[in-house]
Amino acid sequence: MTLLSKRSIVKEDKSNIITLGAIAAEEKKKDPTVVNATIGMLYNEEGSLLTYKSVDKALFELTKEEKYAYASTPGSSAFHDAIKKWVFRNYYKEFKNISEVMATPGGTGALSNCFANYLDEGECALLPSYMWGNYKQILYENGETFETYTLFDEKGSFNLANLKEKMLEIKIRQKRVLFVINDPCHNPTGYTMTEDEWKGVIDIMNELSNDGTPIILVHDMAYIDYAKQGFDYTRKNMELYKKLNDSAMVIMAFSGSKTLALYGVRIGAQVCISKNKENLLDFARANKFSSRSKWSNTTNLGINIITKIFSDEDLKKSFEDELKFAKFLLSKRADAFLLGAKNAGLKTIPFDCGFFITIPCQSPERVYQALVQKKIHVIPMGNVIRVTISAISLNDCERLPKIIKDVIDDIDRK
Ligand SMILES: Cc1ncc(COP(=O)(O)O)c(C=O)c1O
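In structure tokens form, the structure reads like this:
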């Protein structure tokens, strides 16, 4: 017998990232030679969390009230402006009056609010076939379901045709479409969309919404500031958002965990863009209600660190320099892993940049177990294993591909 409600009986955290991450961390505590390539955080070459001095500086300058007092539910207007400046960068002036911001606990809070307010209970969201598994749990928590679009076509490019087909099916059935794109540095593959692929997405959104059907894109930009192409490239698609019809809207999910390495502070934001004032007012009203009912308000600490860094030009500049170094470190690790994979004949899913590299295999669970025997911890998911290159050293990035290839071959032979 269980005391849980019917809807909660099946609740079990299916994302093994946290569980397997905890096992790996425990093993590494006992034996420092263990390789922990599980959890999506950035580590330096010495094996400790990579944090930013400019973030620390902003933190130490905060007053008692700025750290510990309650924040307002949506976050202060100074926070909203700071987020807009950072997210829009060169497009700030164009977008500041056609956008709205809501403070949330991480990108997770932003996603939770988006799913809560742009779908009704029982409705379905459209997710990429390779994805961060927590999307599914957030939807379940909201009483919603999901379907997937195939992320890649046979050439390894973003599969616009399949996205459109699935969006059309859902539009006919549900009379509204909410879909998720995680770009750049997609988790788990590391794929980054091209300009033309983004143009294609906007064209589909306009075509499907021109009869007034609500078409909502949740743009999960968790890893935006780690794209090797840099700020200008990653903000370019935002220019396209201005071309959307009034019934089509983009809500971006910003993660302070990733951009500023503020993982445990739990700060992020929803950033919505619409030329229609009513859409912006609706967004602010409904998302404030949801935030108040779920977490009341997020951390003042996170809100004020971000406000300080993104609105003080000197601090912002030193933060950008530190970020540049972090990106350099990541791209060196990626290059080393990909070269190792090429030399070993290990296949990877299309990768461009980011925290993870994904390897297709027939028995991910068995590969995971065999690698644990070799003191290497990765994440098995669906038909792949995910290696978190952000959390391991350059040296490990060089040597892991051959070990993984041998393990996969060995298992496939049995
Ligand atoms: C793709 C993606 N989106 C969103 C998040 C949410 O992160 P947070 O809530 O810590 O900002 C993560 C975290 O790993 C992620 O990988």
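Numbering (our numbering), first residue to last: 1176 to 1589. Built from N, CA and C at the ideal position, the CB exists for glycine as well.
Beta strand (DSSP E) runs wholly inside the region 1339 to 1391, at least 3 long, in chain order: 1352 to 1357
Residue closest to Asp1386, alpha-carbon to alpha-carbon, out of Lys1350, Cys1360, Thr1409 and Val1393: Lys1350
Beta-carbon spacing of Cys1447, Ala1511 below 8 Å: no
8 Å Cβ cutoff met for Leu1383 and Lys1346: yes
Residues that DSSP places opposite Ile1560 in a beta bridge: Ile1534 and Pro1555
Residues near Lys1203 in its chain [Cβ-Cβ closer than 7 Å; skip 5 each side]: Val1209 and Asn1211
Residues bridged to Phe1333 (per DSSP): Phe1327
Near ligand 1: Tyr1438 beta-carbon under 7 Å from a heavy atom: yes
Terminal residues of the beta strand (DSSP E) in which Ile1604 lies: Residue 1604 is absent from the structure shown; the chain starts at 1176 and stops at 1589.
Buried versus exposed call for Gln1445 [16 or more other C-beta atoms within 10 Å across all chains shown]: Buried.
Strand pairing of Ile1426, partner residues [DSSP]: Val1393 and Cys1447
Under 5 Å, CB to nearest heavy atom of ligand 1: contacting residues: Gly1215, Gly1281, Gly1282, Thr1283, Trp1307, Asn1357, Asn1362, Asp1395, Ala1397, Ser1430, Ser1432 and Gly1443
Cα-Cα separation, Tyr1401 to Gly1529: Answer to the nearest angstrom: the Cα atoms are 6 Å apart.
Member of Met1176, Asn1191 and Ser1190 whose CA lies at the smallest distance from the CA of Ile1184: Met1176
Rounded Cβ spacing between Ser1223 and Lys1469 (contact assumed at less than 8 Å): For Ser1223 against Lys1469, the beta-carbon gap comes to about 33 Å, at or over 8 Å, which does not count as contact.
Reduced DSSP category for Pro1590 - H, G, I as helix; E, B as strand; rest coil: In the structure as shown, the chain begins at 1176 and stops at 1589. Residue 1590 is therefore absent and cannot be evaluated.
Own chain partners of Ile1590 with C-beta closer than 8 Å, once the 5 adjacent residues on each side are dropped: The question about residue 1590 has no answer here: the residues shown for the chain are numbered 1176 through 1589.
Status (buried if at least 16 other CB within 10 Å, exposed otherwise) for Glu1275: buried
Alpha-carbon spacing of Val1547 relative to Thr1194, whole angstroms: 14 Å
Check whether Glu1322 and Cys1299 have beta carbons under 8 Å apart: yes
Alpha-carbon spacing of Ala1519 relative to Asp1256, whole angstroms: The alpha-carbon atoms of Ala1519 and Asp1256 are separated by roughly 49 Å.
Beta-carbon proximity list for Asn1334, same chain, < 8 Å, skipping 5 on both sides: Tyr1324, Thr1325, Leu1326, Phe1327 and Asp1328.
Neighbourhood of Ala1200 by C-beta distance below 7 Å, restricted to the same chain and skipping five residues each side: Asn1211
Reduced DSSP category for Glu1322 - H, G, I as helix; E, B as strand; rest coil: strand
Runs of alpha helix (DSSP H) lying entirely within the region 1183 to 1244, each at least 4 residues, in chain order: 1191 to 1205, 1228 to 1235 and 1239 to 1243
Whole-angstrom distance between Lys1330 and Ile1480, CA atom to CA atom: C-alpha of Ile1480 to C-alpha of Lys1330: approximately 43 Å in a straight line.
Buried versus exposed, by CB contacts within 10 Å (16 or more), Asn1462: Counting every other CB atom within 10 Å of its CB across the protein chains shown gives Asn1462 a total of 16 or more, marking it as buried.
Rounded Cβ spacing between Asn1357 and Asp1395 (contact assumed at less than 8 Å): 4 Å
Backbone CA spacing between Ser1449 and Arg1541 [nearest angstrom]: 47 Å
For Ala1278, the residue or residues it bridges with in DSSP: Ala1444
Three-state class that DSSP yields for Cys1289 in the structure shown: helix
Within 8 Å, strictly: CB atoms of Ile1532 and Ile1192: Between Ile1532 and Ile1192, the C-beta gap is not smaller than 8 Å, which leaves the two residues out of contact.
Ala1428 vs Val1393 beta-carbon contact at 8 Å: yes
Reference Thr1213; option with closest CA among Gly1196, Lys1374 and Ile1567: Gly1196
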